[in-house]
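J.:
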Amino acid sequence: MQAALAPPPLADLSAPLPGGWLGQQLQRLQRLLALRDAHVSHLNDEGRRLLDHAIFTTFVDCRELGGETLAAALLTTLQTDTPVTADDATLAHILRTEPEPPTPG
Numbered sequence: 006m007q008a009a010l011a012p013p014p015l016a017d018l019s020a021p022l023p024g025g026w027l028g029q030q031l032q033r034l035q036r037l038l039a040l041r042d043a044h045v046s047h048l049n050d051e052g053r054r055l056l057d058h059a060i061f062t063t064f065v066d067c068r069e070l071g072g073e074t075l076a077a078a079l080l081t082t083l084q085t086d087t088p089v090t091a092d093d094a095t096l097a098h099i100l101r102t103e104p105e106p107p108t109p110g
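Read in this note's numbering, the sequence shown has 7 at position 2, and its numbers run on one by one without any break.
1) Is the separation between the beta-carbon of Asp66 and that of Gln30 shorter than 8 Å?
2) Along the chain, where does the alpha helix (DSSP H) that runs through His58 open and close?
3) Rounded to the nearest angstrom, what separates Gln32 and Asp50 at their Cα positions?
4) Assign Asp42 to one of two classes, buried (16 or more other C-beta atoms within 10 Å of its C-beta) or exposed (fewer than that).
5) Please confirm whether Thr74 and Leu38 have their CB atoms less than 8 Å apart.
6) Report, in whole angstroms, the separation of the C-beta atoms of Ala78 and Phe64, which I expect to be a contact under 8 Å.
7) For the alpha helix (DSSP H) that Thr74 lies in, which residues bound it at each end?
8) Going straight from the alpha carbon of Leu56 to that of Gly24, what length do you get?
9) Just the Cα atoms here: how many angstroms apart are Ile60 and Arg53?
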């Protein structure tokens, strides 16, 4: 089992977003999170899965462009009790709306 990494320090979301491709990806992440918050109760499982995948891949894009702290700060707005970490497996867990069934053993 992979240990969770310490979460990155949160960025100041009141500051303007950076320009260029990173800024566009951060804006996309904001829009996707707003869509999820506004429509999560109206989406079926497939719709939630597709939206969560878009959120996850956009986060990964932001991280690869050097905007991990800003993207992680945006993800804290997601309605969840699980802390955001830099670990992909943990992020995928955060974006699932239902817990995985326990594995026997």
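Ideal Cβ placement from N, Cα and C applies to all residues, glycine included.
T.: This is what the structure gives:
1) yes
2) Asp50 to Glu69
3) 25 Å
4) Exposed: under 16 other Cβ atoms inside 10 Å.
5) Not closer than 8 Å, so no.
6) Not a contact, Cβ separation roughly 11 Å.
7) Glu73 to Leu80
8) Their Cα atoms are separated by approximately 25 Å.
9) 10 Å
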